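Since the structure comes first, as structure tokens, the remarks are kept for the end.
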Amino acid sequence: MYALVDCNNFYASCERLFQPQLENKPVVVFSNNDGCAIARSDEAKLLGIEMGTPAYQIEHLIKKHKIAVFSSNYTLYGDLSDRIMKILADFTPKMEIYSIDEAFLDLSGFMYDDLFRMGTEIKSTVRQHVGIPVSVGIAGTKTLAKMANRYAKKKDKKLGVFYASDQNLIDEMLHFTKVEDVWGIGRQYASLLKKNGIYTAMDVTKTPEAWMRKYLTVVGQRLWYELKGIPSIEWQHLPAPKKNICTSRSLGKLTDDKSILKEAISNHAATCALKLRNQKSCAKAICVFINTNPHKINLPQYARSVTIEFDTATNLTGEIIQYALKGLDIIFREGFLYKKVGVIVLEIIPENQVQNSLFDCIDRGKNSKMLSAVDKINRSIGKDVVRMASQGFERRYKLRSEHLSFKYTTDINEILKVKI
DNA sequence: TCTGGGGTCCTAGGACCC
DNA sequence: TCTGGGGTCCTAGGACCC
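The opening position of the first sequence corresponds to residue 1 in the working numbering, with each subsequent residue numbered one higher.
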């Protein structure tokens with residue numbers, strides 16, 4: 001048996017935690033650049049605000065209903081997520097953190113009749129210790145556990161726990177769940193299934209396996225097994241090291257100024273290098289990309305990327321920035337207004353498996369030591385105060401975040417103050 | 001004025017090899 | 001008027017997830 005524990009409206013709940021007066025009020029959290037709505041409280045959902053709606057399209061609703069709005073505060077969400085995951089880990093040694101607000105727990109070996117009680121206990125413990133509401137779905141496969149979680153929210157959100165303990169309950173849930181709400185079925189597959197008269201998860205289980213395989217590839221075949229209660233999606237008990245690491249952002253303003261792009265690319269490259277060091281890896285190649293704004297159809301469009309192989313796999317900030325800027329020189333063209341730039345490091349290997357190049361003239365040991373010291377300083381301050389020159393200090397490319405809340409739990413200067 | 005960012009997995013088709 | 005067959009590796013693109 002597997003449990004899927006999922007935080008309810010996670011980002012919105014995080015913000016509400018430090019502003020309890022917003023309890024039962026509509027709350028919306030925006031993406032980077034305050035671009036679109038990526039989290040909504042139940043009350044905001046009821047007002048018709050959909051996931052991913054551009055901010056400017058809901059301005060009137062925000063005014064009219066006095067919706068509380070926030071810019072994304074990933075420092076805060078990440079810290080609260082860590083706290084929740086630590087609590088979940090106390091329930092079972094085998095768990096898989098699936099995303100910032102979700103985790104699968106392997107409950108094999110626990111008493112069957114106890115599982116529902118265990119679910120309610122998980123929910124109340126997280127609520128009591130961290131203050132974030134979660135829902136729990138329990139079933140025989142990951143896909144069914146996901147579905148049970150969703151069913152728990154739809155059916156009785158207050159209770160927030162659903163245990164698909166026998167076939168009747170599983171059927172009830174399969175019947176209730178539309179194909180587009182099944183984990184692993186997106187827009188394309190949903191429309192294909194519906195065209196063929198398959199509307200619910202139950203219908204999927206009645207579709208021949210070969211048909212699923214033929215039209216939805218092995219992904220669909222695995223899904224079919226999962227819905228029938230046969231576990232077919234692998235368990236990842238240890239977080240797999242990332243195979244690619246990407247850092248990209250929209251620019252605060254459209255720009256044709258190459259120096260601004262340089263600064264942004266340098267910072268993204270530095271972030272990638274830091275992420276590599278944090279997971280003790282090195283990359284052997286880098287991809288740099290720049291785009292104009294595809295939504296502005298009346299402006300000339302340009303999008304290009306370039307991949308550069310390194311002589312030696314590396315996670316050194318200065319070196320990665322150099323390669324990144326070389327990439328920018330290759331793809332940059334005058335006369336376009338750029339919207340988004342990014343850096344992806346590829347071919348990632350463990351740092352202890354790096355093969356040195358014969359003609360390497362960088363003192364990697366010394367550089368690494370220097371960067372460990374830099375990382376340590378930056379970590380202790382909670383900001384990257386020690387930076388490479390090309391990263392600049394002005395952050396002219398900076399995106400908007402006009403409704404940012406405090407880093408209540410990670411920065412002593414922003415801690416909650418209580419008047420007595 | 002204004003539309004996020006970071007991932008994974010799978011397949012088809014081309015390049016290349018013998 | 002005719003051009004093999006069987007492999008591997010790589011990449012681009014499409015699907016999905018939160």
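Just so you know, even glycine gets a beta-carbon here, dropped at the ideal spot from N, CA and C.
A quick note: this is a predicted structure, and the numbers were derived from the prediction, not measured.
Q) Quick one: Cα of Cys198 to Cα of Gly184, how far? A) Locating residue 198 in the first sequence gives position 198, where the first residue counts as 1. Locating residue 184 in the first sequence gives position 184, where the first residue counts as 1. According to the sequence shown, residue 198 is Ile rather than Cys. Straight-line spacing of the CA atoms in Ile198 and Gly184 works out to 15 angstroms.
**Q.** Those residues which DSSP pairs with Thr292 across a bridge
**A.** The residue you call residue 292 lines up with position 292 of the first sequence. Answer is Tyr338, bridged to Thr292.
Q.
According to DSSP, is Asp106 part of a helix, a strand, or is it coil?
A. Numbered from 1 along the first sequence, position 106 holds the residue referred to as residue 106. Three-state DSSP puts Asp106 in a strand.
Q: Can you give me the start and stop residues for the beta strand (DSSP E) that Asp6 sits inside?
A: Here residue 6 is taken as the residue at index 6 of the first sequence, counted from 1. Unbroken beta strand (DSSP E) run through Asp6: Tyr2 to Cys7.
Q) The alpha helix (DSSP H) spanning Lys86 covers which residue range? A) The sequence position of residue 86 within the first sequence is 86, counting from 1. Counting along the chain, the alpha helix (DSSP H) containing Lys86 begins and ends at Tyr74 to Ala89.
Q. Helix, strand or coil for Ser401 per DSSP?
A. Stepping through the first sequence from its first residue, residue 401 is reached at position 401. DSSP places Ser401 in coil when its eight states are reduced to three.
Q: For the beta strand (DSSP E) holding Val28, just list the boundary residues, first then last.
A: By 1-based counting over the first sequence, the position of residue 28 is 28. Residues Val27 to Phe30.
Q. For Thr307, is the classification buried or exposed, using 16 other Cβ atoms within 10 angstroms of its Cβ as the cut-off for buried?
A. The residue given as residue 307 occupies position 307 in the first sequence. So Thr307 counts as exposed.
Q) Which of the three DSSP states, helix, strand or coil, is assigned to Phe70? A) The residue given as residue 70 occupies position 70 in the first sequence. If DSSP states are grouped into helix, strand and coil, Phe70 belongs with the strands.
(Q) Please tell me whether Leu261 and Leu144 are closer than 8 angstroms, where the distance is taken between their beta carbons. (A) Along the first sequence, one-based indexing puts residue 261 at 261. Along the first sequence, one-based indexing puts residue 144 at 144. Cβ atoms of Leu261 and Leu144: not closer than 8 angstroms.
Q. Rounded to whole angstroms, how far is the Cβ of Phe91 from the Cβ of Leu80, which I believe are closer than 8 angstroms?
A. Within the first sequence, the letter at position 91 stands for residue 91. Within the first sequence, the letter at position 80 stands for residue 80. With 8 angstroms as the limit, Phe91 and Leu80 do not qualify as a contact, their Cβ atoms being about 18 angstroms apart.
Q. Is the closest heavy atom of the ligand PLP to the C-beta of His268 under 7 angstroms?
A. With respect to the ligand PLP, the structure shown offers nothing to examine, as it has no ligands at all.
Q. Excluding the five sequence neighbours on either side, which residues of its own chain have a C-beta within less than 7 angstroms of the C-beta of Phe336, listed in chain order?
A. Against the first sequence, residue 336 aligns to sequence position 336. If we look at Phe336 and ignore the five residues flanking it on each side, its Cβ neighbours are Asp256, Thr292, Pro300 and Tyr302.
Q.
For a quick check, are the C-beta atoms of Ser165 and Ala152 less than 8 angstroms apart?
A. Along the first sequence, read from residue 1 onward, the residue named residue 165 stands at position 165. Along the first sequence, read from residue 1 onward, the residue named residue 152 stands at position 152. Not a contact, by the Cβ cut-off of 8 angstroms.
**Q.** Outcome for Ala217 when other beta-carbon atoms lying within 10 angstroms are tallied against a minimum of 16
**A.** Position 217 of the first sequence, counted from the start, is the residue given in the question as residue 217. Note that residue 217 corresponds to Thr in the displayed sequence, not to Ala. Exposed, by the Cβ-count rule.
Q | Residue from Arg387, Ala313 and Ile49 whose Cα sits closest to the Cα of Asn356 | A | For this step, residue 356 is matched to residue 356 along the first sequence. Among Arg387, Ala313 and Ile49, the Cα nearest to that of Asn356 is on Ala313.
Q: Take the Cβ of Val179 as the centre, count every other Cβ of all protein chains shown within 10 Å, and call the residue buried at 16 or more, exposed below.
A: Taking the first residue of the first sequence as position 1, residue 179 is located at position 179. Buried, since its Cβ has 16 or more Cβ neighbours within 10 Å.
Q: Let me know the secondary structure DSSP gives Ala303 once reduced to three states.
A: Residue 303 sits at position 303 when you count from the first residue of the first sequence. It is a strand residue.
Q: Below 8 angstroms CB to CB, which residues in the same chain sit around Ala324 once its five sequence neighbours on both sides are set aside?
A: One-based indexing of the first sequence puts residue 324 at position 324. Once the five neighbours on either side are set aside, the close Cβ partners of Ala324 are Ile265, Ser266, His268, Ala269, Ile286, Val288 and Val343.
Q: Check whether the region 53 to 63 touches the region 380 to 389, counting contact only when three or more Cβ pairs, one atom from each stretch, lie closer than 8 angstroms.
A: no
Q) What residue range is occupied by the uninterrupted beta strand (DSSP E) comprising Met51? A) Mapped onto the first sequence, residue 51 falls at position 51. Segment: none, Met51 is in no beta strand (DSSP E) and carries neither H nor E.
**Q.** Residue from Ile122, Ala89, Asn32 and Pro26 whose Cα sits closest to the Cα of Lys66
**A.** Translated into positions along the first sequence, residue 66 becomes position 66. For Lys66, the nearest C-alpha among the options comes from Pro26.
Q) Where do the N-terminal and C-terminal ends of the alpha helix (DSSP H) with Cys246 fall, by residue? A) Numbered from its first residue, the first sequence carries residue 246 at position 246. Taken as a continuous stretch (DSSP letters only), Cys246 belongs to no alpha helix (DSSP H), being part of the beta strand (DSSP E) at Ile245 to Thr255.
Q. Between the Cα of Phe10 and the Cα atoms of Gly78, Asn33 and Met1, which residue gives the shortest distance?
A. Position 10 of the first sequence, counted from the first residue, corresponds to residue 10. The shortest C-alpha separation from Phe10 is found at Gly78.
Q) What residue does the alpha helix (DSSP H) around Met202 start on, and which one ends it? A) Within the first sequence, residue 202 is the residue found at index 202, counting from 1. From DSSP, the alpha helix (DSSP H) with Met202 extends over Ala201 to Thr205.
**Q.** In chain order, each alpha helix (DSSP H) run of at least 4 residues that lies wholly inside the region 126 to 205
**A.** Taking only runs of at least 4 residues, the alpha helix (DSSP H) segments lying wholly in the region 126 to 205 are 142 to 155, 167 to 176, 187 to 195 and 201 to 205.
**Q.** Pair within 8 angstroms by beta-carbon distance, Asp34 and His403
**A.** Your numbering for residue 34 matches position 34 in the first sequence. Your numbering for residue 403 matches position 403 in the first sequence. Yes; because the gap between Cβ atoms is below 8 angstroms, this pair is in contact.
Q: Identify, in the order they occur along the chain, each residue of the same chain with its Cβ nearer than 7 angstroms to the Cβ of Glu351, setting aside the five sequence neighbours on each side.
A: Numbered from its first residue, the first sequence carries residue 351 at position 351. Counting only Cβ-Cβ distances below 7 angstroms, and skipping sequence neighbours, we find Lys280, Ser281, Cys282 and Asn315.
Q: In angstroms with no decimal places, state the Cα-to-Cα distance between Lys155 and Thr177.
A: Position 155 of the first sequence, counting from 1, holds the residue named residue 155. Position 177 of the first sequence, counting from 1, holds the residue named residue 177. Taking the straight line joining both Cα atoms gives about 11 angstroms.
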